[in-house]
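*Asks:*
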Amino acid sequence: MKTHIAAALDEIKTLIGSENVISASDILALLSKNSLGVPRKIAGCIYPSSLDDVQNIIRIANTYQTPLYPVSRGENLGYGDKSPIKDYQILVSLERMNRILEFDDIHGYVMIEPGVTQKQLYDFLQEKKANFWMDATAAGNTASIAGNTLEGGFGHTPKGDHRNLISNLTIVLGSGQIINTGTFPGLGPDISGLFVQSNFGIVTAMQIELVPIPEHYESFIISLKTDKDLEKLITDISELRRLGILNSLLHITNATRALISTKKCPKQFRNQTISNEMAQQLMTSLLVKIGLWSALGALYGSKQEIIAKKKILKKRLGSYARIRFFTDEKIRRMTRIMSYNFFDRFKVIQNIREGLQSYRIAHDLMKGIPSDEPKENIYWRIDSKNDLGLIWFAPTFSANGEITRKVVSISESLFNTYGFELPITFTLVKPDRIVGILSISFNINNPAETQKAHDLYHELKQIFERNAIQTYRSSILNMDAIVYPDQGKIETLKQLKCTLDPRHIISPGRYGI
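Structure follows, in structure tokens:
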């Protein structure tokens, strides 16, 4: 007698074709692999191609009471990849739904399906000779734009706070009902945000905003002269964002993150962790000055506007930080000069070349050009990609210097205790709000190391929660046991779940709902 899952998959085969339904155990095992080192058993994988397909799949899942786990493309690296929260869910991969449905070159928006990738949208805008850039993340060329947005992801430009810039979502609810959230101003509440980090339905289309191509663009890097000025930097850039002097999302990195983003792990450190001070020393020479902390951002506007803003930045930050500005032409010129064979004899030039290459990618990201290079940096310590273990821990907190220092101190203590180096990125997503990304990198084929990484992740979460610091995003590690600081919020979310997805078909346990 067939199980309810097998019966559901058979019926789905008649709907979308057997070639778009996977039930072979060896393929499912590959699909369920993730960088967390968390084993998951997937009941099947299906590839719908339309809104009608999705609605019918949800109808069938309700009939057989079979849980579905939708992913846009499943490139949720460091948080769980394609793996569901619980075993025996059917993976619904939306990568075949990859159409750009609408493009407005006057008001600057596109309507996209969940399978649309960063590279696809970039190429589309280039082909159209559009008046707009996209906002790109460091997730890589094949990452889904919708998938990143629905996880609460963010980018670099003035349009980088993705979750607050979406509208017109089309969703098939768990009940089977199709809804469209509309655009605003409009009638009633704006419910688009309900479908970020939730499990009420499957999003099949969304409208996202684009970045008007400015008359002039310059990126910049701010390097702190001493570690003690981190608090002052946070205070100053937060105020500069509030005043509108800065309008991009600033990314503040420690020297360890900068080292990992620039070069492979030095041989002498393959069996020991690298402190932030060591990382600074490895990257610093007479010609190259690297701070223990650096901030990357960009200025967008008219030439006169950017000249004025540069003066303000230098005046405000120049007493304790070194600021360098880069145009496209300046980077091209530096790259050309550094490529001369004459410089090959100088060891320091290799550092400059590596740093310049890394910075060029960041410069391009801040003007909407996606790249796979940042994603390649995660393989820093390992020789084989099959050994990759990676968990991202992502606290969010007020843009306050003292709180930022507290986050650094807690993190350094715990990472040292567990024997992991600590690459940090702090992103000023809003003038008053920071998101931190702390990388826990390990060899996934070493059980002891994997367990240490999990223990570190859980202790980080516990200690930050005790200090009233929540995470902005969660991995699938114990995701179903997430504790919300406000009991009324989780109770309301559970009531919504019972109404919009009464049989709990869609991603049960996602974000604790």
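Sequential numbering of the sequence shown, starting at 1, is according to the numbering used here. Ideal placement from N, C-alpha and C gives every residue a C-beta, glycine not left out. Since the model is a prediction, treat every value here as computed from it, not as a measurement.
1. Would you check if the stretch 181-192 and the stretch 154-161 touch, i.e. whether three or more CB-CB distances between them fall below 8 Å?
2. Counting only C-beta atoms, is M97 closer than 8 Å to chain E at any point?
3. Which of the three DSSP states, helix, strand or coil, is assigned to E209?
4. Going by the CB atoms, is the gap between F420 and G436 shorter than 8 Å?
5. Under 8 Å, do A468 and D432 count as touching if we go by C-beta distance?
6. If I measure Cβ to Cβ from L500 and keep anything under 7 Å in the same chain, skipping five residues before and after, which residues do I get?
7. S371 to A308, Cα distance in whole Å?
8. Can you tell me which of A6, L240 and T149 puts its alpha carbon nearest to the alpha carbon of Q207?
9. Exposed or buried, which one is D486 when buried takes at least 16 other CB atoms within 10 Å?
10. My output table needs one value for Q268: the three-state DSSP class, helix, strand or coil.
11. Mapping the DSSP letters down to three states, classify S238 as helix, strand or coil.
12. Quick one: Cα of Q462 to Cα of H454, how far?
13. Going by the CB atoms, is the gap between L313 and I306 shorter than 8 Å?
14. What residue does the alpha helix (DSSP H) around P374 start on, and which one ends it?
15. Express the C-alpha separation of I222 and K497 in angstroms, rounding to a whole number.
16. Thinking just about the alpha-carbon of each residue, which of L233, L299 and C265 is nearest to the one in G401?
17. Expressed to the nearest angstrom, what Euclidean distance is found between the alpha-carbon atoms of A139 and N416?
18. Just grab the DSSP bridge partners of N180 for me.
19. On the CB-based measure, 16 or more other CB atoms within 10 Å of its CB, does Y340 come out buried or exposed?
20. Kindly indicate the opening and closing residues of the beta strand (DSSP E) around E218.
21. Counting along the chain, where does the alpha helix (DSSP H) carrying D104 start and finish?
22. Among the candidates I476, I410 and Q470, whose CA atom is the shortest distance from the CA of V483?
23. Put T273 into one of helix, strand or coil per three-state DSSP.
24. Run through DSSP, which three-state label would K430 get?
25. Let's see if you can read the secondary structure: which residues bound the alpha helix (DSSP H) around Y122?
26. Check whether the Cβ atoms of R40 and T142 sit closer than 8 Å, and answer yes or no.
27. Suppose you measure from the CA of F326 to the CA of P214; what does that come to, to the nearest Å?
28. Return helix, strand or coil for Q65, following the three-state DSSP convention.
29. How many angstroms separate the CA atom of N254 from the CA atom of G153?
30. Can you give me the start and stop residues for the beta strand (DSSP E) that G297 sits inside?
31. Using C-beta distances below 6 Å, list every residue in its chain close to A362, excluding the 5 sequence neighbours before and after it, in chain order.
32. May I ask you to report which of helix, strand or coil DSSP gives Q462?
33. Which of helix, strand or coil does DSSP assign to S439?
34. With T204 and I179 assumed to form a contact (beta carbons below 8 Å), what rounded beta-carbon distance in angstroms separates them?
35. Curious, which full-length beta strand (DSSP E) runs of at least 3 residues does the stretch 348-414 contain?
36. What is the DSSP secondary structure of A321, counted as helix, strand or coil?
*Replies:* Working from what's here:
1. no
2. Of the chains in the structure shown, none is chain E; there is only one protein chain.
3. strand
4. no
5. no
6. L173, G174, S175, F200 and G201
7. 31 Å
8. T149
9. exposed
10. helix
11. helix
12. 12 Å
13. no
14. E373 to E376
15. 45 Å
16. L233
17. 28 Å
18. T170
19. exposed
20. H216 to L224
21. D104 -> not in any alpha helix (DSSP H); beta strand (DSSP E) instead, spanning I100 to D104.
22. Q470
23. coil
24. strand
25. Q118 to E127
26. no
27. 15 Å
28. coil
29. 21 Å
30. W293 to G301
31. L296
32. helix
33. strand
34. Not really, about 11 Å apart at Cβ, beyond 8 Å.
35. 388-393 and 395-398
36. strand
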